[in-house]
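Numbering (our numbering), first residue to last: 1 to 336.
Okay, structure first, notes after.
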């Protein structure tokens with residue numbers, strides 16, 4: 001994994017961004033009641049068996065079982081996220097729209113446990129000859145690597161238009177609570193990528209890895225919090241470098257990984273003179289890789305970004321590091 005990826009050559013644009021948050025909801029009480037129950041024979045179970053694990057992970061801490069659980073409703077997908085992406089994609093782009101590339105990014109594990117989500121998207125859209133690929137195993141940073149691959153494929157003649165999708169559904173026995181982090185909710189994002197024009201120009205993207213100490217399976221809340229503060233310090237260093245180079249963004253959007261992380265990075269943004277936009281809806285929820293895009297969509301709807309202004313989307317995963325994606329509002333429309 002490269003620590004730093006800079007754009008160059010062919011430009012890349014994102015347009016017609018659509019974020020999907022399921023209407024169905026579940027409660028924290030229901031989640032905690034599920035802990036400790038047997039689970040069906042499924043990809044998560046196979047992964048747990050391969051790793052020698054026999055209980056939900058991360059484990060539910062006693063404090064979560066207290067009767068004072070916050071009344072937080074968690075958006076949950078009832079079906080494979082591909083079903084929602086296909087339905088929304090056909091509404092948004094038309095059932096006959098053809099794409100040269102189809103990319104599917106994820107952090108969570110779904111059935112089937114292979115690269116088939118990309119092929120499922122191709123089949124649903126009737127794209128037999130489209131290039132499809134799936135990226136995972138990078139936590140919430142998968143979209144950074146996917147954007148890099150989309151750009152390279154378009155640059156080397158693999159077509160002109162791409163469908164970019166990102167989706168996550170947390171399945172038991174994987175936990176919706178990671179120590180003192182925010183509650184994980186289900187969500188998806190889809191948009192078009194194009195080398196000619198679009199709503200947002202991709203200005204810069206990079207991954208800065210942080211390698212956690214020890215096995216995460218042995219972590220406690222203090223271990224998690226130390227890692228979050230390390231990620232926040234790395235984010236501040238990146239912001240200071242951008243400021244020193246004259247590339248500071250007009251707005252900063254932070255993935256809602258945890259209250260401590262968001263607070264620390266927001267304070268760093270203020271020290272660097274970069275205004276931070278904090279999402280007003282689903283404040284207790286971390287939508288994983290889709291999270292910064294949901295906040296971006298809300299910021300645009302609330303008039304917080306104007307044409308030619310730039311926004312830095314900051315992604316974070318305790319086991320991988322931070323990802324930075326800088327977009328500029330271009331206002332251009334992709335070719336029809």
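Cβ atoms here follow ideal geometry from the backbone N, Cα and C, with glycine treated the same way.
Worksheet item: Candidates 230, 200, 242, 146: which alpha carbon is nearest residue 308's?
Response: Checking every option, the nearest Cα to that of residue 308 belongs to 200.
Worksheet item: For residue 107, does the count of other Cβ atoms within 10 angstroms reach 16, so buried, or fall short, so exposed?
Response: Result: buried.
Worksheet item: Can the beta-carbon of residue 255 be found closer than 8 Å to that of residue 140?
Response: Yes, the Cβ-Cβ distance between residue 255 and residue 140 is below 8 Å.
Worksheet item: With a Cβ-Cβ cutoff of 8 Å, do residue 147 and residue 12 count as a contact?
Response: Yes.
Worksheet item: If you compare alpha carbons, which of 296, 97, 175, 322 is closest to residue 192?
Response: Closest option to residue 192, Cα to Cα, is 97.
Worksheet item: In its own chain, which residues sit with a C-beta less than 7 Å from the C-beta of residue 92, not counting the 5 before and 5 after it?
Response: Closer than 7 Å at the Cβ level, and outside the excluded window around residue 92, lie 16, 18.
Worksheet item: Would the beta-carbon of residue 185 fall within 8 Å of that of residue 74?
Response: Less than 8 Å separates the beta-carbon of residue 185 from that of residue 74.
Practice prompt. Go through its chain and collect everything with a Cβ distance to residue 212's Cβ below 7 Å, but skip five positions before and after it.
Written response: These residues qualify, in order along the chain: 227, 318, 319.
Discussion item. I'd like the span of the beta strand (DSSP E) that includes residue 21, first residue to last.
Written reply: Segment: none, residue 21 is in no beta strand (DSSP E) and carries neither H nor E.
Practice prompt. For residue 46, write down the residues that DSSP places opposite it in a beta bridge.
Written response: According to DSSP, residue 46 bridges with nothing at all.
Worksheet item: Mind checking residue 252: buried by the 16 CB within 10 Å criterion, or exposed?
Response: Under this definition residue 252 is a buried residue.
Fill in: Local Cβ density within 10 Å of residue 336, reported as buried at 16 or more and exposed below that
Below a pLDDT of 50, predicted positions are generally treated as unreliable, and residue 336, at 49, falls in that range; the measurement from the model is reported next regardless. By the neighbour-count rule (16 or more Cβ atoms within 10 Å), residue 336 is not buried but exposed.
Discussion item. Taking 8 Å as the cut-off, does the region 240–247 touch the region 207–224 (at least 3 CB pairs, one atom from each stretch)?
Written reply: Verdict: no, contact absent.
Fill in: Cβ pair residue 292, residue 305 closer than 8 Å
Taking 8 Å as the Cβ cut-off, residue 292 and residue 305 do not qualify as a contacting pair.
Worksheet item: Grouping DSSP H, G and I as helix and E and B as strand, with all else coil, what is residue 283?
Response: Three-state result, residue 283: coil.
Worksheet item: DSSP on residue 217, reduced to helix/strand/coil?
Response: Helix.
Worksheet item: Assuming residue 298 contacts residue 328 under a Cβ cut-off of 8 Å, what Cβ separation, rounded to an integer in Å, is found between them?
Response: Between residue 298 and residue 328, the beta carbon gap of about 18 Å keeps them out of contact (Cβ cut-off 8 Å).
Worksheet item: Under a Cβ-count criterion, where at least 16 other Cβ atoms within 10 Å of its own Cβ denotes burial, should residue 46 be classed as buried or exposed?
Response: Answer is exposed; the Cβ neighbour count stays below 16.
Fill in: First and last residue of the uninterrupted alpha helix (DSSP H) at residue 200
Residue 200 -> not in any alpha helix (DSSP H); beta strand (DSSP E) instead, spanning 200–209.
Practice prompt. Pick helix, strand or coil for residue 11, following the three-state DSSP scheme.
Written response: In the structure shown, the three-state DSSP call for residue 11 is coil.
Item to complete: Taking residue 198 as the reference, give the member of 174, 156, 163 with the closest Cα.
Response: For residue 198, the nearest C-alpha among the options comes from 163.
Practice prompt. Could you spell out where the alpha helix (DSSP H) holding residue 301 opens and where it closes?
Written response: Counted as a single uninterrupted DSSP element, the alpha helix (DSSP H) harbouring residue 301 occupies residues 291–301.
Worksheet item: Which stretch, first to last residue, makes up the alpha helix (DSSP H) that contains residue 81?
Response: For residue 81, the enclosing alpha helix (DSSP H) starts and ends at 81–93.
Worksheet item: What are the boundary residues of the beta strand (DSSP E) that residue 326 is part of?
Response: Counting along the chain, residue 326 sits inside the beta strand (DSSP E) bounded by residues 321–329.
Item to complete: Compute the distance between the beta-carbons of residue 166 and residue 143, then report whether it is under 8 Å.
Response: Between residue 166 and residue 143, the gap from beta carbon to beta carbon is short of 8 Å.
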